[in-house]
Amino acid sequence: MSVRWTPAERIGHLGTSIFTEMTQLAERTGSINLGQGVPELASSPQILRHATQAIEAGRNQYPPATGLPELKEAVAAHRLARTGVAYRPQDEVLVTTGATEAVAAALLAFCDPGDEVVTFDPCYDAYPAGARIAGARVSPAALTVTPDGFALDLEALRAAVGPRARVLLLNSPHNPTGKVFTPEELADIAAVCQAHDLTVVTDEVYEHLVYDGGRHVSIASLPGMRERTLVISSAGKSLNVTGWKIGWACGPARLVAAVASTKQFLTYASGTPFQAAVAAMLSSGTEWVEGLRDDLEHNRNVLAQGLRKAGLGVFPGEGGYFLQVDVRSWGYESGTAFCRELPHRAGVVAVPTSAFYQSSDAPDWLVRFGFCKGQDVLQEAVQRLTAAAR
(Lines of atoms letter the chains of each structure in order from A; the text may use other names.)
(Lines give C-alpha, C1' and ligand atoms only; values in the text may rest on other atoms or scores of the structure.)
Protein backbone atom coordinates (compact mmCIF):
# COMPACT_ATOMS: atom_id res chain seq x y z
CA MET A 165 0.00 0.00 0.00
CA SER A 166 1.41 3.38 -0.98
CA VAL A 167 1.66 6.12 1.61
CA ARG A 168 0.62 9.62 0.65
CA TRP A 169 2.72 12.16 2.50
CA THR A 170 3.62 15.81 2.12
CA PRO A 171 5.66 18.00 4.46
CA ALA A 172 4.08 20.74 6.53
CA GLU A 173 3.29 23.76 4.40
CA ARG A 174 5.50 26.03 6.48
CA ILE A 175 8.63 24.03 5.52
CA GLY A 176 7.65 23.23 1.94
CA HIS A 177 10.04 25.90 0.65
CA LEU A 178 13.04 24.48 2.51
CA GLY A 179 14.39 22.29 -0.28
CA THR A 180 17.92 21.77 -1.53
CA SER A 181 19.64 25.16 -1.51
CA ILE A 182 22.12 26.72 -3.91
CA PHE A 183 24.75 26.18 -1.21
CA THR A 184 24.26 22.43 -1.35
CA GLU A 185 24.32 22.54 -5.14
CA MET A 186 27.58 24.49 -5.19
CA THR A 187 29.22 22.24 -2.60
CA GLN A 188 28.28 19.16 -4.60
CA LEU A 189 29.62 20.84 -7.73
CA ALA A 190 32.91 21.54 -5.94
CA GLU A 191 33.18 17.88 -4.97
CA ARG A 192 32.38 16.61 -8.47
CA THR A 193 34.88 18.93 -10.18
CA GLY A 194 37.63 18.94 -7.55
CA SER A 195 37.26 22.71 -7.23
CA ILE A 196 38.33 24.96 -4.37
CA ASN A 197 35.16 25.80 -2.46
CA LEU A 198 35.06 29.50 -1.57
CA GLY A 199 31.27 29.44 -1.50
CA GLN A 200 30.55 28.35 2.06
CA GLY A 201 31.86 29.98 5.21
CA VAL A 202 33.48 26.86 6.67
CA PRO A 203 36.74 28.07 8.26
CA GLU A 204 40.00 26.23 7.68
CA LEU A 205 42.23 28.24 10.01
CA ALA A 206 43.56 26.49 13.12
CA SER A 207 41.81 26.97 16.44
CA SER A 208 43.67 28.29 19.45
CA PRO A 209 45.74 25.62 21.22
CA GLN A 210 44.72 27.29 24.47
CA ILE A 211 40.99 26.77 23.97
CA LEU A 212 41.60 23.17 22.90
CA ARG A 213 43.50 22.56 26.14
CA HIS A 214 40.64 24.07 28.14
CA ALA A 215 38.17 21.69 26.46
CA THR A 216 40.41 18.67 26.98
CA GLN A 217 40.85 19.53 30.65
CA ALA A 218 37.09 19.88 31.12
CA ILE A 219 36.46 16.50 29.46
CA GLU A 220 39.13 14.79 31.54
CA ALA A 221 37.71 16.40 34.69
CA GLY A 222 34.40 14.66 34.01
CA ARG A 223 32.37 17.69 32.90
CA ASN A 224 30.48 15.64 30.34
CA GLN A 225 26.85 15.63 31.49
CA TYR A 226 24.03 18.13 31.03
CA PRO A 227 24.80 21.69 32.08
CA PRO A 228 22.01 23.91 33.44
CA ALA A 229 19.41 24.61 30.75
CA THR A 230 20.36 28.29 30.52
CA GLY A 231 24.11 27.58 30.44
CA LEU A 232 27.05 27.13 32.78
CA PRO A 233 27.11 29.99 35.31
CA GLU A 234 30.80 30.58 34.60
CA LEU A 235 30.09 31.06 30.89
CA LYS A 236 27.16 33.38 31.53
CA GLU A 237 29.37 35.46 33.82
CA ALA A 238 32.16 35.53 31.22
CA VAL A 239 29.73 36.59 28.47
CA ALA A 240 28.29 39.39 30.63
CA ALA A 241 31.79 40.65 31.46
CA HIS A 242 32.76 40.46 27.79
CA ARG A 243 29.72 42.48 26.69
CA LEU A 244 30.35 45.13 29.34
CA ALA A 245 34.02 45.48 28.41
CA ARG A 246 33.36 45.67 24.66
CA THR A 247 30.09 47.59 24.41
CA GLY A 248 29.56 49.25 27.80
CA VAL A 249 26.23 47.46 28.22
CA ALA A 250 25.71 45.57 31.50
CA TYR A 251 23.72 42.31 31.70
CA ARG A 252 22.90 40.25 34.78
CA PRO A 253 24.37 36.79 34.19
CA GLN A 254 21.63 34.98 36.09
CA ASP A 255 18.61 36.13 34.04
CA GLU A 256 19.84 38.34 31.17
CA VAL A 257 22.25 35.88 29.52
CA LEU A 258 21.22 32.60 27.86
CA VAL A 259 23.63 30.05 26.37
CA THR A 260 22.38 28.51 23.12
CA THR A 261 23.44 25.84 20.64
CA GLY A 262 25.08 28.33 18.34
CA ALA A 263 23.79 31.68 17.17
CA THR A 264 21.45 30.16 14.58
CA GLU A 265 19.45 28.42 17.29
CA ALA A 266 19.29 31.66 19.24
CA VAL A 267 17.85 33.46 16.19
CA ALA A 268 15.32 30.69 15.52
CA ALA A 269 14.26 30.50 19.17
CA ALA A 270 13.87 34.29 19.29
CA LEU A 271 11.65 34.33 16.20
CA LEU A 272 9.53 31.50 17.60
CA ALA A 273 9.25 33.35 20.92
CA PHE A 274 8.55 36.83 19.57
CA CYS A 275 6.36 36.23 16.51
CA ASP A 276 2.79 35.08 16.04
CA PRO A 277 1.50 33.71 12.71
CA GLY A 278 1.09 36.57 10.27
CA ASP A 279 3.60 38.86 11.95
CA GLU A 280 6.37 40.50 9.95
CA VAL A 281 10.12 40.36 10.54
CA VAL A 282 11.95 43.31 9.01
CA THR A 283 15.47 42.57 7.86
CA PHE A 284 18.00 43.93 5.40
CA ASP A 285 18.24 42.53 1.89
CA PRO A 286 20.35 40.53 1.13
CA CYS A 287 20.32 38.52 4.35
CA TYR A 288 21.67 35.31 5.87
CA ASP A 289 19.42 32.50 4.59
CA ALA A 290 18.53 31.22 8.10
CA TYR A 291 16.57 34.42 8.78
CA PRO A 292 13.70 33.94 6.32
CA ALA A 293 13.66 30.20 7.07
CA GLY A 294 13.32 30.88 10.80
CA ALA A 295 10.62 33.47 10.24
CA ARG A 296 8.55 31.14 8.08
CA ILE A 297 8.85 28.27 10.54
CA ALA A 298 7.52 30.68 13.17
CA GLY A 299 4.58 31.48 10.89
CA ALA A 300 5.85 34.99 10.20
CA ARG A 301 7.13 36.49 6.98
CA VAL A 302 10.20 38.54 6.16
CA SER A 303 9.70 42.13 5.04
CA PRO A 304 12.98 43.05 3.33
CA ALA A 305 14.57 46.49 3.26
CA ALA A 306 17.10 46.49 0.42
CA LEU A 307 20.57 47.85 1.08
CA THR A 308 21.77 50.28 -1.56
CA VAL A 309 24.67 49.01 -3.69
CA THR A 310 27.23 51.77 -4.29
CA PRO A 311 30.78 51.69 -5.70
CA ASP A 312 31.98 52.01 -2.10
CA GLY A 313 29.92 49.09 -0.84
CA PHE A 314 26.48 48.65 0.71
CA ALA A 315 24.59 51.39 2.50
CA LEU A 316 21.41 51.77 4.52
CA ASP A 317 18.44 53.04 2.53
CA LEU A 318 16.43 54.70 5.28
CA GLU A 319 13.33 55.18 3.12
CA ALA A 320 13.39 51.50 2.13
CA LEU A 321 13.58 50.59 5.81
CA ARG A 322 10.64 52.80 6.70
CA ALA A 323 8.63 51.34 3.83
CA ALA A 324 9.38 47.79 5.01
CA VAL A 325 7.75 48.41 8.40
CA GLY A 326 4.14 47.36 7.88
CA PRO A 327 1.24 47.16 10.33
CA ARG A 328 2.19 43.59 11.38
CA ALA A 329 5.90 44.34 11.85
CA ARG A 330 7.03 43.06 15.22
CA VAL A 331 10.75 42.33 15.00
CA LEU A 332 13.69 43.95 13.27
CA LEU A 333 16.46 41.43 12.60
CA LEU A 334 19.85 43.14 12.26
CA ASN A 335 23.22 41.61 11.35
CA SER A 336 26.42 43.64 11.70
CA PRO A 337 29.04 42.82 10.56
CA HIS A 338 26.73 41.67 7.82
CA ASN A 339 26.57 38.38 5.95
CA PRO A 340 26.64 38.16 2.96
CA THR A 341 27.84 41.70 2.11
CA GLY A 342 30.71 42.21 4.58
CA LYS A 343 29.16 45.54 5.57
CA VAL A 344 29.63 47.06 9.01
CA PHE A 345 26.77 49.41 9.82
CA THR A 346 28.03 52.85 10.81
CA PRO A 347 27.04 54.52 14.10
CA GLU A 348 24.94 56.98 12.09
CA GLU A 349 23.12 54.17 10.30
CA LEU A 350 22.53 52.36 13.59
CA ALA A 351 21.07 55.55 15.07
CA ASP A 352 18.65 55.81 12.12
CA ILE A 353 17.66 52.15 12.54
CA ALA A 354 17.15 52.68 16.28
CA ALA A 355 14.87 55.66 15.62
CA VAL A 356 12.68 53.57 13.30
CA CYS A 357 12.48 50.77 15.87
CA GLN A 358 11.50 53.16 18.63
CA ALA A 359 8.91 54.90 16.45
CA HIS A 360 7.23 51.59 15.62
CA ASP A 361 7.87 49.80 18.92
CA LEU A 362 9.85 47.00 17.28
CA THR A 363 11.83 44.40 19.19
CA VAL A 364 15.37 44.16 17.81
CA VAL A 365 17.19 40.87 17.38
CA THR A 366 20.80 41.68 16.50
CA ASP A 367 23.14 38.98 15.22
CA GLU A 368 26.68 40.04 16.10
CA VAL A 369 28.62 36.80 15.53
CA TYR A 370 31.32 38.63 13.55
CA GLU A 371 31.75 41.33 16.21
CA HIS A 372 35.50 40.67 16.60
CA LEU A 373 36.16 40.38 12.87
CA VAL A 374 36.11 44.04 11.81
CA TYR A 375 38.98 45.16 9.58
CA ASP A 376 41.02 48.24 8.65
CA GLY A 377 40.95 49.60 12.17
CA GLY A 378 37.16 49.74 12.27
CA ARG A 379 35.15 48.99 15.38
CA HIS A 380 32.00 47.12 16.13
CA VAL A 381 29.10 49.05 17.68
CA SER A 382 26.17 47.16 19.16
CA ILE A 383 22.79 48.76 18.58
CA ALA A 384 21.96 47.80 22.19
CA SER A 385 24.47 50.42 23.36
CA LEU A 386 22.48 53.27 21.78
CA PRO A 387 20.16 55.38 23.97
CA GLY A 388 16.81 53.69 24.57
CA MET A 389 17.76 50.45 22.81
CA ARG A 390 18.94 48.07 25.53
CA GLU A 391 15.41 47.40 26.76
CA ARG A 392 14.11 46.40 23.34
CA THR A 393 17.14 44.49 22.02
CA LEU A 394 18.24 40.85 22.14
CA VAL A 395 21.96 40.61 21.30
CA ILE A 396 23.14 37.29 19.82
CA SER A 397 26.73 36.19 19.37
CA SER A 398 28.82 33.03 19.56
CA ALA A 399 32.20 31.43 20.08
CA GLY A 400 32.08 29.91 16.61
CA LYS A 401 33.31 32.92 14.67
CA SER A 402 35.10 34.88 17.43
CA LEU A 403 37.09 31.90 18.76
CA ASN A 404 37.16 29.91 15.51
CA VAL A 405 35.37 26.83 16.86
CA THR A 406 32.29 26.71 14.62
CA GLY A 407 31.82 22.98 15.21
CA TRP A 408 31.31 23.46 18.95
CA LYS A 409 28.01 25.34 18.47
CA ILE A 410 28.24 27.51 21.58
CA GLY A 411 26.29 30.74 21.28
CA TRP A 412 24.51 33.17 23.58
CA ALA A 413 21.75 35.72 23.77
CA CYS A 414 21.82 38.79 26.03
CA GLY A 415 19.00 41.19 26.74
CA PRO A 416 16.38 42.32 29.23
CA ALA A 417 15.10 39.47 31.39
CA ARG A 418 11.66 39.36 29.77
CA LEU A 419 13.14 38.79 26.30
CA VAL A 420 15.70 36.24 27.49
CA ALA A 421 13.02 34.33 29.43
CA ALA A 422 10.82 34.11 26.33
CA VAL A 423 13.70 32.76 24.24
CA ALA A 424 14.68 30.32 27.00
CA SER A 425 11.12 28.97 27.14
CA THR A 426 11.38 28.07 23.45
CA LYS A 427 15.01 26.97 23.46
CA GLN A 428 14.43 24.39 26.22
CA PHE A 429 12.33 22.34 23.80
CA LEU A 430 14.82 22.57 20.93
CA THR A 431 18.16 21.37 22.31
CA TYR A 432 17.65 21.94 26.06
CA ALA A 433 21.43 22.36 26.54
CA SER A 434 24.69 21.62 24.78
CA GLY A 435 28.42 20.97 25.06
CA THR A 436 29.29 21.19 28.76
CA PRO A 437 33.08 20.91 28.28
CA PHE A 438 32.92 23.30 25.34
CA GLN A 439 30.99 25.82 27.44
CA ALA A 440 33.66 25.57 30.12
CA ALA A 441 36.43 26.08 27.56
CA VAL A 442 34.74 29.12 26.02
CA ALA A 443 34.24 30.62 29.49
CA ALA A 444 37.94 30.22 30.26
CA MET A 445 38.92 31.71 26.91
CA LEU A 446 36.62 34.73 27.18
CA SER A 447 37.97 35.40 30.67
CA SER A 448 41.59 35.37 29.48
CA GLY A 449 41.36 38.40 27.18
CA THR A 450 41.12 38.93 23.42
CA GLU A 451 44.75 38.73 22.29
CA TRP A 452 44.25 35.48 20.39
CA VAL A 453 41.03 36.77 18.82
CA GLU A 454 42.85 39.86 17.60
CA GLY A 455 45.42 37.60 15.94
CA LEU A 456 42.63 35.71 14.18
CA ARG A 457 41.22 39.03 12.96
CA ASP A 458 44.60 40.04 11.58
CA ASP A 459 45.00 36.69 9.79
CA LEU A 460 41.56 37.02 8.21
CA GLU A 461 42.23 40.62 7.18
CA HIS A 462 45.38 39.40 5.43
CA ASN A 463 43.36 36.65 3.70
CA ARG A 464 40.77 39.20 2.61
CA ASN A 465 43.50 41.33 1.05
CA VAL A 466 45.03 38.36 -0.77
CA LEU A 467 41.68 37.32 -2.23
CA ALA A 468 40.60 40.87 -3.08
CA GLN A 469 43.85 41.58 -4.90
CA GLY A 470 43.61 38.30 -6.78
CA LEU A 471 40.02 38.92 -7.83
CA ARG A 472 40.90 42.39 -9.07
CA LYS A 473 43.90 40.99 -10.95
CA ALA A 474 41.48 38.57 -12.59
CA GLY A 475 39.47 41.59 -13.79
CA LEU A 476 36.54 41.32 -11.38
CA GLY A 477 35.03 44.21 -9.45
CA VAL A 478 35.43 43.78 -5.69
CA PHE A 479 33.41 45.59 -3.02
CA PRO A 480 34.94 46.44 0.38
CA GLY A 481 34.75 43.65 2.93
CA GLU A 482 34.61 45.59 6.18
CA GLY A 483 34.03 42.58 8.43
CA GLY A 484 33.22 38.88 8.55
CA TYR A 485 34.27 36.11 6.15
CA PHE A 486 33.10 37.26 2.72
CA LEU A 487 33.69 39.53 -0.27
CA GLN A 488 31.08 40.66 -2.78
CA VAL A 489 32.14 40.64 -6.42
CA ASP A 490 30.68 42.18 -9.60
CA VAL A 491 31.00 39.56 -12.36
CA ARG A 492 29.80 41.66 -15.30
CA SER A 493 33.36 42.34 -16.45
CA TRP A 494 33.62 38.63 -17.30
CA GLY A 495 30.57 38.95 -19.53
CA TYR A 496 28.01 37.62 -17.05
CA GLU A 497 24.76 39.34 -16.13
CA SER A 498 23.74 36.36 -13.98
CA GLY A 499 25.71 35.46 -10.88
CA THR A 500 24.06 32.04 -10.87
CA ALA A 501 25.32 31.29 -14.39
CA PHE A 502 28.77 32.54 -13.41
CA CYS A 503 28.88 30.28 -10.34
CA ARG A 504 27.70 27.22 -12.25
CA GLU A 505 30.36 27.71 -14.94
CA LEU A 506 33.24 28.89 -12.73
CA PRO A 507 34.20 25.40 -11.44
CA HIS A 508 34.62 24.18 -15.04
CA ARG A 509 36.35 27.38 -16.13
CA ALA A 510 38.64 28.01 -13.14
CA GLY A 511 38.29 25.19 -10.63
CA VAL A 512 36.82 27.54 -8.01
CA VAL A 513 33.35 27.62 -6.44
CA ALA A 514 31.48 30.73 -5.27
CA VAL A 515 27.83 31.42 -4.40
CA PRO A 516 25.44 33.80 -6.22
CA THR A 517 24.33 36.61 -3.93
CA SER A 518 20.84 36.42 -5.41
CA ALA A 519 20.34 33.35 -3.17
CA PHE A 520 20.40 35.70 -0.17
CA TYR A 521 17.84 38.19 -1.51
CA GLN A 522 14.15 38.13 -0.61
CA SER A 523 13.01 40.82 -3.04
CA SER A 524 12.52 40.08 -6.73
CA ASP A 525 14.56 43.05 -7.99
CA ALA A 526 17.91 41.87 -6.62
CA PRO A 527 21.07 42.79 -8.56
CA ASP A 528 21.74 39.44 -10.23
CA TRP A 529 25.39 40.11 -11.04
CA LEU A 530 26.73 39.86 -7.48
CA VAL A 531 28.65 36.81 -6.24
CA ARG A 532 29.97 35.97 -2.78
CA PHE A 533 33.49 34.59 -2.19
CA GLY A 534 34.73 33.45 1.24
CA PHE A 535 38.25 34.04 2.56
CA CYS A 536 38.15 32.03 5.82
CA LYS A 537 40.50 29.46 4.29
CA GLY A 538 44.18 28.63 4.59
CA GLN A 539 46.58 31.00 2.84
CA ASP A 540 47.82 28.24 0.53
CA VAL A 541 44.25 27.48 -0.53
CA LEU A 542 43.53 31.14 -1.26
CA GLN A 543 46.77 31.55 -3.20
CA GLU A 544 45.89 28.55 -5.35
CA ALA A 545 42.36 29.89 -5.92
CA VAL A 546 43.77 33.27 -6.95
CA GLN A 547 46.16 31.62 -9.41
CA ARG A 548 43.32 29.63 -10.95
CA LEU A 549 41.09 32.69 -11.29
CA THR A 550 43.87 34.78 -12.82
CA ALA A 551 44.67 32.03 -15.33
CA ALA A 552 41.00 31.67 -16.27
CA ALA A 553 40.74 35.40 -16.95
CA ARG A 554 43.44 35.36 -19.64
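Every number in the numbering used here is 164 more than the matching position in the sequence shown, counting from 1.
Ideal Cβ positions, reconstructed from N, Cα and C, are used throughout, including at glycine.
Nothing here was measured: the structure is a model prediction, and the numbers come from that model.
For residue i, which three-state DSSP category applies?
i: residue 333; result: strand
i: residue 385; result: helix
i: residue 503; result: helix
i: residue 250; result: coil
i: residue 220; result: helix
i: residue 560; result: No answer is possible for residue 560: the residues shown for the chain start at 165 and end at 554.
i: residue 393; result: strand
i: residue 264; result: helix
i: residue 459; result: helix
i: residue 495; result: coil
i: residue 407; result: helix
i: residue 438; result: helix
i: residue 292; result: helix
i: residue 171; result: coil
i: residue 360; result: coil
i: residue 184; result: helix
i: residue 236; result: helix
i: residue 339; result: coil
i: residue 204; result: coil
i: residue 554; result: coil
Excluding the five sequence neighbours on either side, which residues of its own chain have a C-beta within less than 6 Å of the C-beta of residue i, listed in chain order?
i: residue 510; result: 548, 549 and 552
i: residue 274; result: 331 and 363
i: residue 333; result: 281, 283, 291 and 365
i: residue 307; result: 284 and 314
i: residue 253; result: 236, 237 and 240
Grab me the residues of residue i's own chain with a C-beta within less than 8 Å of its C-beta, minus the 5 sequence neighbours each way, in chain order.
i: residue 420; result: 255, 256, 257, 258, 394, 413 and 414
i: residue 183; result: 199, 200, 289, 515 and 519
i: residue 186; result: 197, 199, 200, 503, 513, 514 and 515
i: residue 189; result: 195, 504, 507 and 513
i: residue 226; result: 432, 433 and 436
i: residue 388; result: 354 and 358
i: residue 445; result: 208, 210, 211, 214, 399, 403 and 452
i: residue 176; result: 170
i: residue 546; result: 466, 467, 469, 470, 471, 473 and 474
i: residue 299; result: 174, 275, 276, 277, 278 and 279
Taking the alpha-carbon of residue i as reference, which of the options has the nearest alpha-carbon?
i: residue 459; options: 402, 499 and 436; result: 402
i: residue 442; options: 175, 195, 232 and 224; result: 232
i: residue 311; options: 227, 343 and 348; result: 343
i: residue 418; options: 491, 391 and 398; result: 391
i: residue 339; options: 238, 285 and 422; result: 285
i: residue 398; options: 219, 461, 373 and 383; result: 373
i: residue 336; options: 544, 327, 349 and 325; result: 349
i: residue 376; options: 416, 482, 278 and 296; result: 482
i: residue 462; options: 353, 404 and 538; result: 538
i: residue 237; options: 448, 452, 545 and 542; result: 448
i: residue 174; options: 380, 353 and 297; result: 297
i: residue 250; options: 406, 384 and 260; result: 384
i: residue 369; options: 303, 324 and 260; result: 260
i: residue 554; options: 474, 526 and 522; result: 474
i: residue 523; options: 494, 276 and 324; result: 324
i: residue 356; options: 542, 378, 293 and 329; result: 329
i: residue 560; options: 193, 294 and 396; result: Because residue 560 is not part of the residues shown, which for the chain are 165 to 554, the question remains open.
In the DSSP assignment, what residue or residues form a beta bridge with residue i?
i: residue 378; result: Paired residue(s): none; residue 378 is not in a bridge.
i: residue 280; result: 301 and 329
i: residue 197; result: 513
i: residue 350; result: BP columns for residue 350 are empty, so no partner.
i: residue 520; result: Bridge partners of residue 520: none, in fact.
i: residue 414; result: 257 and 395
i: residue 486; result: 534
i: residue 285; result: 306
i: residue 443; result: None; residue 443 has no bridge partner.
i: residue 365; result: 333 and 394
i: residue 314; result: 309
i: residue 478; result: 489
Among the residues of its own chain, which have a CB less than 7 Å from the CB of residue i, if the five just before and after it don't count?
i: residue 435; result: 408, 409 and 410
i: residue 437; result: 215, 218, 219, 223 and 224
i: residue 491; result: 476, 499, 502, 529 and 531
i: residue 381; result: 347 and 350
i: residue 386; result: 350, 351 and 354
i: residue 439; result: 227, 231, 232, 235, 259 and 410
### Query
Should the stretch 476-492 be called in touch with the stretch 530-547, which here means at least 3 C-beta pairs below 8 Å?
The stretch 476-492 makes contact with the stretch 530-547; the number of CB pairs closer than 8 Å reaches 3 or more.
### Query
Just checking, does the stretch 499-510 make contact with the stretch 423-436 on the three C-beta pairs under 8 Å criterion?
Counting Cβ pairs under 8 Å, fewer than three are found: no touch.
#### Entry: At least 3 beta-carbon pairs within less than 8 Å: the stretch 264-271 vs the stretch 231-250
Taking one beta carbon from each stretch, the stretch 264-271 and the stretch 231-250 have fewer than 3 pairs nearer than 8 Å; the two do not touch.
### Query
Contact between the stretch 459-473 and the stretch 309-329: three or more CB pairs below 8 Å?
Touching, no.
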